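Asks: Sharing a structure, written as structure tokens. Questions coming.
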Amino acid sequence: MHDSANIALACKIWGLMSTDIMQGVVYGTRPNDITDLRLHTRFDFDETFGTVINRFCAQAIIGYPLSPYGKGKQRRGFIALIDSIQCLTIAIENPPKKGGEYRVFNQLDEIYGINELAELVGKAADSLGINVEILSVENPRVEMEEHFYKVEHENLKRLGFRPTRHIDEELEIMLTDLAKFKTRVRAKKDAIAPRVRWKGGVSFPIKTRVHDERSMLQEQTIRLSSGR
0 MHDSANIALA CKIWGLMSTD IMQGVVYGTR PNDITDLRLH TRFDFDETFG
50 TVINRFCAQA IIGYPLSPYG KGKQRRGFIA LIDSIQCLTI AIENPPKKGG
100 EYRVFNQLDE IYGINELAEL VGKAADSLGI NVEILSVENP RVEMEEHFYK
150 VEHENLKRLG FRPTRHIDEE LEIMLTDLAK FKTRVRAKKD AIAPRVRWKG
200 GVSFPIKTRV HDERSMLQEQ TIRLSSGR
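Each residue of the sequence shown is one higher than the one before, counting from 0 in numbering that gives the first Met the number 0.
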């Protein structure tokens, strides 16, 4: 947040005008007008850079159980890719009105918990005939699993932001798009399970069940230790 303080100070001293975008977690594969598969956006679903919705959708497509970490009670603000673009457009078309003005837009649509997202992805998958299982795994990260989270995000709504569609519909579009690349997702399946150590010198197993090529469930233990 120190960059925000620097921007606010610059606006105050030099009379600049600035809109500081606090971006929520973005999900989605493409805007409505992108139909060429070669133009689809980058889609990270690995343990390090993959966002939780992307990871859950990738797991659903290849028959892996959706794997919320720990209690699954963390809450964050989410927004669809198409609506993130809408919000940026609104911000550009409605600049600050006077020099020295510094404003903050918390760019998100709804707030969801991790378990809620797993249920939503499961529901969307079911509507497409994809059966999924939800199986919590031990949290590999050093973080609070339950916390206070409340974000004011009315500024963009006052300027006209309206969600393009509900998350249920967006998830169905994501799963449909991702199904076209099922083979490529399956080839990278080892990147989904958590292996990174978040606490130095500590090695502990994360137990999770995954489907093999014959759709049989088997137990796997992934040990978070150097070189494994």
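Even glycine gets a Cβ: it sits at the ideal position worked out from N, Cα and C. Keep in mind it's a predicted model, so treat the numbers as computed, not measured.
Measure how close the beta-carbons of residue 115 and residue 27 come, nearest whole angstrom, since I'm counting them as under 8 angstroms.
Replies: Wrong, their Cβ atoms sit about 17 angstroms apart, outside the cutoff.
Asks: Tell me which same chain residues have a C-beta within less than 6 angstroms of the C-beta of residue 177, skipping the five on either side of it?
Replies: Excluding positions up to five away in sequence, the list reads 56 and 60.
Asks: Please look up how many angstroms separate the CB atoms of residue 113 and residue 67, rounded, as I've assumed it's under 8 angstroms.
Replies: With 8 angstroms as the limit, residue 113 and residue 67 qualify as a contact, their Cβ atoms being about 5 angstroms apart.
Asks: What three-state label does DSSP hand residue 186 in the structure shown?
Replies: Residue state, collapsed to three classes: helix.
Asks: Would you kindly report the start and end of the unbroken beta strand (DSSP E) that includes residue 228?
Replies: Beyond the ends of the chain as shown, which are 0 and 227, falls residue 228; an answer cannot be given.
Asks: Mind checking which residues open and close the beta strand (DSSP E) that includes residue 17?
Replies: Residue 17 -> beta strand (DSSP E) spans 17 to 22.
Asks: Give me the Cβ distance between residue 65 and residue 166, rounded to the nearest whole Å; I'm assuming they're in contact under 8 angstroms.
Replies: Between residue 166 and residue 65 the Cβ distance is about 15 angstroms, and since that is not below 8 angstroms, they are no contact.
Asks: Pairs of beta-carbons, one from the region 87 to 101 and one from the region 37 to 45, closer than 8 angstroms: are there three or more?
Replies: Verdict: no, contact absent.
Asks: Enumerated in chain order, which unbroken segments of the alpha helix (DSSP H) with a length of 4 residues or greater are wholly contained in the region 154 to 180?
Replies: The qualifying runs are 154 to 157 and 166 to 178.
Asks: Would you identify the three-state DSSP class for residue 49, choosing helix, strand or coil?
Replies: Note: residue 49 maps to coil in three-state DSSP.
Asks: By Cβ distance, which residues of its chain are closer than 7 angstroms to residue 45, with the 5 residues on each side in sequence left out?
Replies: Hits under 7 angstroms: 190 and 191.
Asks: With which residues is residue 105 paired in a DSSP beta bridge?
Replies: Paired residue(s): 21.
Asks: So for residue 127, helix, strand or coil by DSSP?
Replies: Reduced to three states, the DSSP call for residue 127 is coil.
Asks: From residue 73 to residue 148, what does the alpha carbon distance come to, in whole angstroms?
Replies: Distance between the alpha carbons of residue 73 and residue 148 is about 9 angstroms.
Asks: Take residue 20 and list the residues in its own chain whose beta-carbon comes closer than 6 angstroms to its own, dropping the five residues that flank it on each side.
Replies: So the qualifying residues of the chain are 104 and 106.
Asks: Can you have a look at residue 91 and say buried or exposed, based on whether 16 or more other CB atoms are within 10 angstroms of its CB?
Replies: Label assigned to residue 91: exposed.
Asks: CB-CB under 7 angstroms to residue 100, same chain, minus the five flanking residues each way: which ones, in chain order?
Replies: Closer than 7 angstroms at Cβ, skipping near neighbours: 10 and 16.
Asks: What did DSSP end up calling residue 191 once you bin it into helix, strand or coil?
Replies: Coil.
Asks: Cβ atoms of residue 70 and residue 145: under 8 angstroms apart, would you say?
Replies: Against a cut-off of 8 angstroms, the Cβ pair of residue 70 and residue 145 comes out as a contact.
Asks: Going by C-alpha distance, which of 47, 58, 35 and 84 is nearest residue 186?
Replies: Of the candidates 47, 58, 35 and 84, the one whose C-alpha sits nearest the C-alpha of residue 186 is 58.
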